[in-house]
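If you read the sequence shown in UniProt numbering, its first letter stands for residue 1, the second for the next number, and so on. The beta-carbon is built from N, C-alpha and C at its ideal position, and this holds for glycine as well.
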Amino acid sequence: MRKKLSRSNTDIPAGLFTGEPHLEMYGCSQCVVDGLESVLEYSAQQIKLAVGKKKVTFHGDDLHIDSFTPQGAVVEGMIVSVDFSDAD
């Protein structure tokens with residue numbers, strides 16, 4: 001008997017098809033950001049990034065950008081909260 005393969009709509013990130021920025025959290029210590037446009041603020045307590053038509057702000061301790069490419073970045077440290085706001 002063959003098993004029927006099924007795929008739920010949560011298996012594929014929505015940003016993959018829409019071109020929207022995509023954030024992926026790994027616990028409270030790492031976030032991969034795709035669709036990065038620029039770094040707006042950078043300190044050990046706060047990192048603010050421009051992503052698409054939004055800004056995303058990471059709050060926490062010992063924050064830093066571990067890797068940085070024209071397409072994205074990896075924010076690491078003790079991430080306490082993440083805020084989203086409209087770009088100016």
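- Query: In three-state terms, what does DSSP make of Lys53?
  - Reply: By one-based count along the sequence shown, residue 53 stands at place 53. Taken through DSSP and simplified to helix, strand or coil, Lys53 comes out as coil.
- CB-CB under 8 Å to Asp86, same chain, minus the five flanking residues each way: which ones, in chain order? Position 86 of the sequence shown, counting from 1, holds the residue named residue 86. Lys53, Lys54, Lys55, listed in sequence order.
- Query: If Leu49 and Leu36 are in contact, beta carbons under 8 Å, what's the gap, nearest whole angstrom?
  - Reply: Within the sequence shown, numbered from 1, the residue matching residue 49 stands at position 49. Within the sequence shown, numbered from 1, the residue matching residue 36 stands at position 36. Yes, they are in contact, since the Cβ atoms of Leu49 and Leu36 sit about 6 Å apart, within 8 Å.
- Compare the beta carbon distance of Gly72 and Val39 with 8 Å and say whether it is the shorter of the two. The residue given as residue 72 occupies position 72 in the sequence shown. The residue given as residue 39 occupies position 39 in the sequence shown. In this structure, Val39 does not lie closer than 8 Å to Gly72 by Cβ.
- Message: Could you compute how far the alpha carbon of Arg7 sits from the alpha carbon of Val74?
- Response: Mapped onto the sequence shown, residue 7 falls at position 7. Mapped onto the sequence shown, residue 74 falls at position 74. Per-residue confidence for Arg7 stands at a pLDDT of 49, beneath the threshold of 50, marking its modelled position as unreliable; the derived number appears in the next sentence. Here the C-alpha atom of Arg7 lies approximately 28 Å from the C-alpha atom of Val74.
- So, is Glu76 buried or exposed, given that buried needs 16 or more other C-beta atoms within 10 angstroms? Walking along the sequence shown from the start, residue 76 turns up at place 76. Flag for Glu76 reads buried.
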